[in-house]
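Undergrad: Take a look at this one; I'll ask things after.
Shown next as structure tokens:
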């Protein structure tokens, strides 16, 4: 994947397939410790313990449309080549937490990319699911909680195309400010 | 801690109220963007974003956009399915933003199937 935000979109879609109704997404960029952390937590059906060992084996998948599953394998490979690692914590019935770490300055680390596009794609395509997105850059934090947004918007749907359009612009603006605050 | 402020939301709300006619009703057109790992890697997010822009410009409340997983046709991703009520769902293949805009304007809005991009009828 060209951007880490695409991995995030992919893993979040896994959570949705697992029957989650709320997904937490955390991106933490910490340049002082040279660490980039991603965490995607869902409250879906989780997985049995024996499955965890085989998670990053591309030839193990729960899908039925084809026999390979690449999502977690790709993320694991991306983390591995940047001196980081993939962690998965899961329990049947209790959801799944997928974490990935990267050395921030590693030459092979893909850029975080367009997080606003990832978040609004998730919101637009999955109106019944809530998302809590937290992005931290050197201690400065931005959060977006669709439960709050839904309450605030009243009868205006979050999937209304015009709302989505403005939401994208608004997230981009806020993230831009976060980056500007911290310098290059 | 930065947040989407209430002010931001109010602004979004106002702008939306100004530019949309809030017609509620059933969806007559359903557009599915397939978002499996294969689709995402092939550029499905860019397709989705182009679609969101076209949706915002068209202001049609009867068009519903959903995402779904891989349908097993990974080599032809990004795939998009357009289904007009009482019509056959058409699967489009190798989509990009420009193709998406064309399919949206011609097929979703006007009902003309874009056979050049089509993979199959379902």
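Chains as they are written, first to last, in this note's numbering: chain A, 1153 to 1336; chain B, 2 to 123.
Don't be surprised by glycine CBs; every beta carbon is placed ideally from N, CA and C.
Keep in mind it's a predicted model, so treat the numbers as computed, not measured.
Check whether the Cβ atoms of residue 1198 (chain A) and residue 1243 (chain A) sit closer than 7 Å, and answer yes or no.
TA: Yes, the Cβ-Cβ distance between residue 1198 (chain A) and residue 1243 (chain A) is below 7 Å.
Undergrad: Identify whether residue 24 (chain B) lies in helix, strand or coil by the three-state DSSP scheme.
TA: Reliability fails at residue 24 (chain B), whose pLDDT of 46 lies under 50, so the model's placement of it is uncertain and the value that follows must be treated cautiously. In the structure shown, residue 24 (chain B) sits in coil (DSSP, three-state: anything other than H, G, I, E or B).
Undergrad: Assuming residue 1317 (chain A) and residue 54 (chain B) make a contact with CB atoms under 8 Å, what is their CB distance in whole Å?
TA: Right, their Cβ atoms sit about 7 Å apart.
Undergrad: Relative to the C-alpha of residue 84 (chain B), which residue among B:122, B:73 and B:42 is closest?
TA: Looking at the Cα atoms, B:122 is the closest of the given residues.
Undergrad: Compare the beta carbon distance of residue 66 (chain B) and residue 1305 (chain A) with 7 Å and say whether it is the shorter of the two.
TA: The answer is no: Cβ separation not under 7 Å.
Undergrad: Check the Cβ of residue 68 (chain B) against every Cβ in chain A and list those closer than 9 Å, keeping chain order.
TA: Ordered by position in chain A, the residues that pass the 9 Å Cβ test against residue 68 (chain B) are 1165, 1168, 1273, 1274, 1276, 1277 and 1278.
Undergrad: State the Cα-Cα distance for the pair residue 1203 (chain A) and residue 34 (chain B), rounded to the nearest angstrom.
TA: In a straight line, the C-alpha of residue 1203 (chain A) is about 29 Å away from that of residue 34 (chain B).
Undergrad: For the candidate residues A:1280, A:1298, A:1162 and A:1256, whose alpha-carbon lies nearest to that of residue 1286 (chain A)?
TA: Cα-wise, what sits closest to residue 1286 (chain A) is A:1298.
Undergrad: Starting from residue 1194 (chain A), trace the alpha helix (DSSP H) both ways and give me its first and last residue.
TA: Looking at the DSSP string, residue 1194 (chain A) is not in any alpha helix (DSSP H); the run it does join, the beta strand (DSSP E), is 1187-1194.
Undergrad: Which class does residue 1238 (chain A) belong to by DSSP, given the choice of helix, strand or coil?
TA: Note: residue 1238 (chain A) maps to strand in three-state DSSP.
Undergrad: Which partner residues of residue 67 (chain B) appear in the DSSP bridge assignment?
TA: Answer is B:33, bridged to residue 67 (chain B).
Undergrad: Which residue marks the beginning of the beta strand (DSSP E) containing residue 91 (chain B), and which one marks its end?
TA: Looking at the DSSP string, the run of the beta strand (DSSP E) that includes residue 91 (chain B) is 91-93.
Undergrad: Say whether chain A places a C-beta atom closer than 7 Å to the C-beta of residue 10 (chain B).
TA: By this cut-off, residue 10 (chain B) is an interface position.
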